[in-house]
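Residue 175 in the numbering used here is what sits at position 173 of the sequence shown, and the numbering runs on without skipping anything.
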Amino acid sequence: MAEETFHRVMPRGTRLRQLLDVEISGNPPDGSILLWDAAEGRWVARQITIPAHTHSPADITPQGHGSGLHADLLDGQHASAFAAASHNHDGTYVKKVGDTMSGALTIDTGLSSNALTLRTSNTALYSNTGVILSHSAPAPSQRELRLFLENQQAGGGGKAALFLRHQRGSWPDARDILVYDMQTEELRLSGSNLRFLQSPAGSSAGSETAYQIW
């Protein structure tokens with residue numbers, strides 16, 4: 003038998019004669035250790051089997067003390083890519099698309115000259131961008147005003163117009179109160195009773211002089 007080195011695991015209470023009573027039959031496989039077999043009353047060689055693992059070992063080269071994690075990144079993103087713990091996501095949170103905000107909104111730009119920008123890249127005929135002013139008190143056919151910039155040429159181009167529209171139900175019931183053609187610079191006003199009001203200097207509301215337009 004080839005020379006082998008064995009490690010003995012000795013239970014508590016092992017006697018010296020038990021320690022010396024070692025019987026090894028044949029040539030034990032590599033990786034065997036000696037264990038006390040109480041049933042046989044002697045030490046026997048037992049092979050240790052290490053099961054194969056299918057998972058990959060940890061890569062200890064990056065930061066993270068062998069965990070494979072980078073202390074500054076999460077899924078490859080820096081902390082600035084994630085919302086802070088103080089970020090508000092409760093019922094008052096307003097999403098960027100298709101959401102409604104209740105309450106007043108104040109836009110304070112400080113020294114900036116631009117307060118709010120409305121933009122669209124849609125070049126379809128009659129595509130537009132603008133704002134809607136609506137009040138629930140008047141009748142549904144009276145309550146809505148729209149201020150918008152409209153594309154009047156399919157595919158885009160030079161034809162565009164600014165509208166102030168009284169939306170009285172669906173088209174063609176709507177009335178265009180003001181239309182400004184940005185190509186021809188023509189300005190059109192429309193109403194059943196058009197008047198200019200002139201107020202004397204220092205006068206209060208209600209003292210204006212009305213000039214009718216035909």
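Note that CB positions come from ideal geometry on N, CA and C, so glycine has one too.
C-alpha gap between Leu-135 and Gln-169, whole angstroms = What you label residue 135 is simply residue 133 of the sequence shown in a count that begins at 1. What you label residue 169 is simply residue 167 of the sequence shown in a count that begins at 1. Cα-Cα distance, rounded: 10 Å.
Residue range of the beta strand (DSSP E) that includes Leu-147 | Here residue 147 refers to the residue found at position 145 when the sequence shown is read from its first residue. It spans 146–153 - the beta strand (DSSP E) in which Leu-147 sits, taken as one unbroken run.
Taking the alpha carbon of Gly-132 as the point to measure from, which residue in Phe-165, Thr-125, Pro-53, Thr-108 has its own alpha carbon closest?
-> Indexing the sequence shown from 1 puts residue 132 at position 130. The shortest Cα separation from Gly-132 among Phe-165, Thr-125, Pro-53, Thr-108 belongs to Phe-165.
Report the rounded CA-to-CA distance for Asp-77 versus Ala-87, giving the unit in angstroms.
-> Working through the sequence shown from its first residue, we reach residue 77 at position 75. Working through the sequence shown from its first residue, we reach residue 87 at position 85. In a straight line, the C-alpha of Asp-77 is about 18 Å away from that of Ala-87.
Within 10 angstroms of the Cβ of Leu-120, are there 16 or more other Cβ atoms? Answer buried if so, exposed if not.
-> Taking the sequence shown and counting its residues from 1, one reaches residue 120 at position 118. Counting Cβ neighbours within 10 Å, Leu-120 comes out exposed, since fewer than 16 surround it.
Who pairs with Asp-39 in a beta bridge, going by DSSP?
-> The residue labelled residue 39 in the question sits at position 37 within the sequence shown. DSSP lists Arg-44 as partners of Asp-39.
Run through DSSP, which three-state label would Ala-86 get?
-> Translated into positions along the sequence shown, residue 86 becomes position 84. Ala-86: coil per DSSP, three-state reduction.
Please list, in chain order, all residues of the same chain as Asp-39 whose beta carbon is under 6 Å from its beta carbon, the five residues on each side excluded.
-> As a working note, residue 39 is residue 37 in the sequence shown. Cβ neighbours of Asp-39 beyond the five flanking positions: Val-46.
At what residues does the beta strand (DSSP E) containing Ser-136 begin and finish?
-> Here residue 136 refers to the residue found at position 134 when the sequence shown is read from its first residue. It spans 130–136 - the beta strand (DSSP E) in which Ser-136 sits, taken as one unbroken run.
Note down, in chain order, each residue of its chain lying with its Cβ closer than 7 Å to the Cβ of Thr-111, except the 5 sequence neighbours on either side.
-> Taking the first residue of the sequence shown as position 1, residue 111 is located at position 109. Ala-117.
How far does the beta strand (DSSP E) with Ala-106 in it reach, from first residue to last?
-> In the sequence shown, residue 106 corresponds to position 104, counting from 1. Segment: none, Ala-106 is in no beta strand (DSSP E) and carries neither H nor E.
Who pairs with Ala-163 in a beta bridge, going by DSSP?
-> As a working mapping, residue 163 is identified with position 161 in the sequence shown. DSSP lists Glu-152, Asp-183 as partners of Ala-163.
With a threshold of 16 other CB atoms inside 10 Å of the CB of Leu-36, please say whether the residue is buried or exposed.
-> The residue you call residue 36 lines up with position 34 of the sequence shown. By the neighbour-count rule (16 or more Cβ atoms within 10 Å), Leu-36 is buried.
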